[in-house]
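Colleague: Sharing a structure below in structure tokens format, with a few things to ask.
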Amino acid sequence: MVNLRPRKSHVNYVQDPLSEADTQSLHLEVDSDGSQREPAQVGENIETALSEDEAYREEDAEGDMDDDKDSKPVTAKGQRKRKKSVKESQNLSLSKDVSSARASQGLPAYDHRHRPVPLYWLPSRVERLSEQPSPFLEAKTVITNNYMSSKVILDKLGRASGRNFGPGPIWEYMEDRSWWKESKVPAVEEAETEGTRRPKVFDSVNVDATLRVIEDQEAKSYLPSDNNGSGQSSIKCLFGYPVKESVRELKIFDSLNMSELLPESKAQVFNAGAPVWGIDWCPIYIEDHPHRSYKQYIAVAPLPSASHSPRIGVKCTTSLCACIQIWSYSPKISSSQSEKGKRKENDGELDTGVMKCELVLCVESGPAQEIKWCPLPSNDAWNTPLNRVRKLGLLAGTFEDGSLCIYTIPDPEDLGRSNKSDPIYVKMKPIFRAALEETFMWCLDWANSERLAVGCTNGAIAVYDVIDALSQEESRDILPSHYIPSVHQTAIRSIAWIRSPDSLADGQLHLKGDPNLLSTGGYDGCVMLTDLKDGLSYLLNNRTRDVVYSVTYSKFATGVVSTDLDFTVKSFFLTPSMLGRGHIVMEAGGPVWSIHTSDYHPIVATGSADGAVQTTNMMRSPRRALTSPFLFHKIYQLDYNRKRGEYRMLEQFLPQEVPDRSSTAKKKKKTDSESEAPQGTGAWPAEVSVTRVVWNNGCGIGRAPLLASATVSGLCRIDWLLGFFLGGSNPYNGIEYIRNEIESYGDNELNVDENE
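The sequence shown maps to residues 1 to 756 in the UniProt record's numbering.
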């Protein structure tokens, strides 16, 4: 048989225009999971010798994305050129044609990671903190330029925020970056305040007339029966320093101030009585805080018992008793002694507060799978006439009967009780209820006060415009405004809105419109991006061989944050030039159940099955060549002893560095591997899982460092977290220079130690 020589003169349209070598180089540049790999062993000695300031400037010079106002490339003066080796040019680079095409189009390099840029530009004046905040004191603020005022401010804020090495945010850098259609757009000379950005909504909606206070005996059937399935009504847990730990027994509705055992701790621990799968902070209008002594409320949704196991997509056919608990987080000093919240703290110590269960809502639709307050404050004013019960807010939830319900939660202060130490038990009908016959509503998220989306167990998305139903008094059931089937092949586990305004035909922002983008994660291992305008869904990441338990949207990272394979958390960009490309944010010790981001700061919090709550800074540059490590902080970790039936809460962990697991990472030396801290096992008791973490997004910029978490054991915890700069040096000489409140006169350095 004669083998004919293929003709070279004609173009072969079957093959890829790229050569085989170029295709291999492309695959080496981009991981299969969508993360970006960086060239290893290329100029490594040079970059190690560089200071972090020069590394940051080098990162910008390599391809920092320009905003819409200035699309011309910026060349850095005095920049050191990296020496390219033959290995890099052959194996880790695109072909000449492709590279030149990308350069002409202004697209970023494959091996480069960019800092996030806004999806839209809306320069305005906003508020920032002028003094360190406290949970129960008035937040002192000043007017400043927002992060979208100029690209210079955006770059400086990004670099300076990346130098935060603490578990929480830097209070000087916090800023409300949320967008709501209900916001009052200020004049050009005026500034956006907390009251104008987050106005009060649903003033005409009152507490449902079916509200009824019930006795303790009747409420027993709605309360959690036990904690661990053994009939015990309390939890024994070890708290305190290692070796010096003490056992505390917490019954249902009991709380513990951690400062009693750890003087430097600012945490609160309380027992909800059973595994908790829903927890959320209640938004309060900013001007009503002083009249409430800065008391805050949090909703907790436990299961009926630890042995109760809901089945995915299976509705409970009969009425199943459950409850939603409303806890208060108030100062230790009473309102009469605090002079309406304007007191000074004793000896400069932070008031760690007191936790108390104020109200228990008894429901018969089964336990809540997820609960979320209306994101904008809907509480009645403090001076409302007392001829009716004031409402605390609107609480939405998905329940085990497959329904979506919205309740008007009454203000506990308007409900009298004989014993002030016990909570008030109430029963009422939901003001809004929706159900789909063919599926089970599982997860939910508010777009604003008028639109709400739910993810279903059949892979569909349903969107409800609840403003019409809440304004009516007779008709409570409405059909969804959007119903998009088959977004996922299986059940949707988590859903989150991309809160960004659309653009009109003339290019102007539609600030009074609803958001139309949704991100979802499901049991099929996909993270999908759905556009309500065309009803189409797009795959944001490669399919992973694991369940996507949680997705959320970060305004600071300008992208979707979701769980990924091997217990990792990844961030995917939504900007057009970087759409779908992402990087690993942190790595947990077990499957991540919950992820949450804040509207005020770039710290992301996670809760995982190994009983740990961890935080990390999303503004930290993922470049491995920088001298400062990429750290994540373990706030606490829960442990369980099956023999003694005791829990143990460990805290005060040292920060850990996110490991570099890319295929091009340099192999560690034997001495380095021996110095590493031992890792935990891959099996954990089910009782220690952290099911939910949530930042306080609804009580103002002064309460943004508050983080709440819930566990399967029934123990919940509230932490006050703040960050710090390494060495105490403030980048760019202070926040005033970063936001151009004071002219820097050419001093644009990070002002850090060269040898750190």
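Even glycine gets a Cβ: it sits at the ideal position worked out from N, Cα and C.
The structure displayed is predicted, hence computed values, not measured ones.
Using the Cα positions of ALA191 and GLU260, report the straight-line distance between them to the nearest angstrom.
Modeller: As a first step, residue 191 must be located in the sequence shown, where it is residue number 191. As a first step, residue 260 must be located in the sequence shown, where it is residue number 260. Straight-line Cα distance between these residues: approximately 43 Å.
Colleague: Between the stretch 455-465 and the stretch 491-502, do at least 3 Cβ pairs fall closer than 8 Å?
Modeller: Counting Cβ pairs under 8 Å, three or more are found: they touch.
Colleague: Who are CYS323's beta bridge partners in DSSP?
Modeller: Position 323 of the sequence shown holds residue 323. For CYS323, which the question treats as bridged, DSSP gives the partners CYS362.
Colleague: How many angstroms separate the CA atom of VAL205 from the CA atom of VAL690?
Modeller: Translated into positions along the sequence shown, residue 205 becomes position 205. Translated into positions along the sequence shown, residue 690 becomes position 690. In a straight line, the C-alpha of VAL205 is about 35 Å away from that of VAL690.
Colleague: Roughly how many angstroms separate the alpha carbons of PHE270 and ASP254, rounded to a whole number?
Modeller: By 1-based counting over the sequence shown, the position of residue 270 is 270. By 1-based counting over the sequence shown, the position of residue 254 is 254. The alpha-carbon atoms of PHE270 and ASP254 are separated by roughly 6 Å.
Colleague: Quick check: the stretch 391-408 against the stretch 206-219, are at least 3 beta-carbon pairs closer than 8 Å?
Modeller: Result yes; three or more Cβ-Cβ pairs closer than 8 Å.
Colleague: For the structure I just gave you, are there three or more beta carbon pairs, one from the stretch 136-156 and one from the stretch 573-582, closer than 8 Å?
Modeller: They do not touch, by the three-pair rule.
Colleague: Less than 7 Å between C-beta atoms, sequence neighbours within five positions excluded: which residues of the same chain meet that for ASN740?
Modeller: Working through the sequence shown from its first residue, we reach residue 740 at position 740. Within the same chain, ASN740 has close Cβ partners ASN145, ILE153.
Colleague: Give the C-beta separation of residue 773 and ALA267 to the nearest angstrom, bearing in mind that I take them to be a contact with Cβ-Cβ under 8 Å.
Modeller: Residue 773 is absent from the model: the chain starts at 1 and stops at 756.
Colleague: Which whole-angstrom value describes the C-beta separation of ILE324 and VAL363, a residue pair presumed to lie in contact below a C-beta threshold of 8 Å?
Modeller: In the sequence shown, residue 324 corresponds to position 324, counting from 1. In the sequence shown, residue 363 corresponds to position 363, counting from 1. Yes, they are in contact, since the Cβ atoms of ILE324 and VAL363 sit about 7 Å apart, within 8 Å.
Colleague: To the nearest angstrom, how far is the alpha carbon of LYS83 from that of ALA160?
Modeller: Taking the first residue of the sequence shown as 1, we reach residue 83 at position 83. Taking the first residue of the sequence shown as 1, we reach residue 160 at position 160. Confidence at LYS83 is low in this model, with a pLDDT of 41, below 50, so the placement of that residue is unreliable and no value is reported for it.
Colleague: Quick one: what's ASP380 bridged to in DSSP?
Modeller: Position 380 of the sequence shown, counted from the first residue, corresponds to residue 380. ASP380 is not bridged to any residue.
Colleague: Have a look at GLU358, THR317, ASP514 and flag the residue whose alpha-carbon is nearest the alpha-carbon of GLU437.
Modeller: Taking the sequence shown and counting its residues from 1, one reaches residue 437 at position 437. Looking at the Cα atoms, THR317 is the closest of the given residues.
Colleague: What does DSSP give as the partner residue(s) for GLY521 in the beta ladder?
Modeller: Along the sequence shown, one-based indexing puts residue 521 at 521. DSSP lists SER494, VAL527 as partners of GLY521.
Colleague: In or out: LYS220 buried (at least 16 other Cβ within 10 Å) or exposed?
Modeller: Looking up residue 220 in the sequence shown gives position 220. So LYS220 ends up on the exposed side.
Colleague: In terms of residues, what are the limits of the alpha helix (DSSP H) holding LYS156?
Modeller: Position 156 of the sequence shown, counted from the start, is the residue given in the question as residue 156. LYS156 -> alpha helix (DSSP H) spans 151-161.
Colleague: Touching or not, the stretch 399-415 and the stretch 242-253, by the rule of three or more beta carbon pairs under 8 Å?
Modeller: No contact exists between the stretch 399-415 and the stretch 242-253.
Colleague: Give a yes or no on contact between the stretch 132-142 and the stretch 594-603, applying the rule of three or more CB pairs nearer than 8 Å.
Modeller: Segments in contact, no.
Colleague: Is it buried or exposed for ILE312, if we count other Cβ within 10 angstroms and need 16 for buried?
Modeller: As a first step, residue 312 is located in the sequence shown; it is residue number 312 there, counting from the start. ILE312 is exposed by the Cβ-count criterion.
Colleague: May I have the straight-line CA-CA distance separating ASN542 from ILE371, to the nearest angstrom?
Modeller: Position 542 of the sequence shown, counted from the start, is the residue given in the question as residue 542. Position 371 of the sequence shown, counted from the start, is the residue given in the question as residue 371. The straight-line gap from Cα to Cα measures roughly 29 Å.
Colleague: Okay, do the stretch 557-577 and the stretch 637-657 touch, 3+ Cβ pairs below 8 Å being the bar?
Modeller: Touching, no.
Colleague: Between the Cα of GLU249 and those of PRO377, GLY714, ALA322, ASN387, spot the shortest distance and give me the residue it belongs to.
Modeller: Here the question's residue 249 lines up with position 249 in the sequence shown. Nearest option by C-alpha distance: GLY714.
Colleague: For ARG648, which residues of its own chain have a beta-carbon under 6 Å away from its beta-carbon, when the five flanking residues on both sides are left out?
Modeller: Taking the sequence shown and counting its residues from 1, the one referred to as residue 648 is at position 648. If we look at ARG648 and ignore the five residues flanking it on each side, its Cβ neighbours are LEU238, ASP639.
Colleague: What did DSSP end up calling ASP468 once you bin it into helix, strand or coil?
Modeller: By one-based count along the sequence shown, residue 468 stands at place 468. Three-state DSSP puts ASP468 in a helix.
Colleague: I believe GLY607 touches ARG692 by the beta-carbon criterion, under 8 Å. Please report the beta-carbon distance rounded to the nearest angstrom.
Modeller: Working through the sequence shown from its first residue, we reach residue 607 at position 607. Working through the sequence shown from its first residue, we reach residue 692 at position 692. With a Cβ gap of about 6 Å, GLY607 and ARG692 count as contacting.
Colleague: Within 10 angstroms of its Cβ, does LYS420 collect 16 or more other Cβ (buried), or is it exposed?
Modeller: The residue given as residue 420 occupies position 420 in the sequence shown. By the 10 Å Cβ count, LYS420 comes out exposed.
Colleague: Apply the 10 Å Cβ neighbour rule to ALA686 and answer buried if 16 or more other Cβ atoms are within range, or exposed otherwise.
Modeller: Taking the sequence shown and counting its residues from 1, one reaches residue 686 at position 686. Label assigned to ALA686: exposed.
Colleague: Going by beta-carbon coordinates alone, are GLY700 and ILE170 separated by less than 7 Å?
Modeller: In the sequence shown, the residue the question calls residue 700 occupies position 700. In the sequence shown, the residue the question calls residue 170 occupies position 170. No, they are not a contact pair.
Colleague: Mind pulling the beta strand (DSSP E) runs of 3 or more residues that sit fully within the stretch 262-337?
Modeller: Here the runs fully enclosed are 268-271, 276-281, 296-302, 322-330.
Colleague: Per DSSP, what kind of secondary structure is TYR549 in: helix, strand or coil?
Modeller: The residue you call residue 549 lines up with position 549 of the sequence shown. Three-state DSSP puts TYR549 in coil, outside helix and strand.
Colleague: Below 8 Å on the Cβ atoms is my guess for ALA396 versus LEU444; work out the distance and round it to an integer in Å.
Modeller: Counted from its first residue, the sequence shown places residue 396 at position 396. Counted from its first residue, the sequence shown places residue 444 at position 444. Going by Cβ atoms, the distance from ALA396 to LEU444 rounds to 6 Å, so yes, they are a contact pair.
Colleague: Start and end of the alpha helix (DSSP H) containing THR711?
Modeller: Here residue 711 refers to the residue found at position 711 when the sequence shown is read from its first residue. Premise fails: THR711 lies in the beta strand (DSSP E), 706-711, not in any alpha helix (DSSP H).
Colleague: Please classify GLU743: does DSSP put it in a helix, a strand, or coil?
Modeller: Here residue 743 refers to the residue found at position 743 when the sequence shown is read from its first residue. DSSP places GLU743 in coil when its eight states are reduced to three.
Colleague: Taking the alpha-carbon positions, what's the PHE632 to ARG642 distance?
Modeller: In the sequence shown, residue 632 corresponds to position 632, counting from 1. In the sequence shown, residue 642 corresponds to position 642, counting from 1. Roughly 29 Å between the two C-alpha positions.
Colleague: In whole angstroms, give me the CA-to-CA distance for HIS596 and VAL569.
Modeller: Taking the first residue of the sequence shown as position 1, residue 596 is located at position 596. Taking the first residue of the sequence shown as position 1, residue 569 is located at position 569. Cα-Cα distance, rounded: 11 Å.
Colleague: Just curious, the alpha helix (DSSP H) that ILE478 is in, first and last residue?
Modeller: The residue given as residue 478 occupies position 478 in the sequence shown. That residue, ILE478, is in no alpha helix (DSSP H); it is neither H nor E in DSSP.
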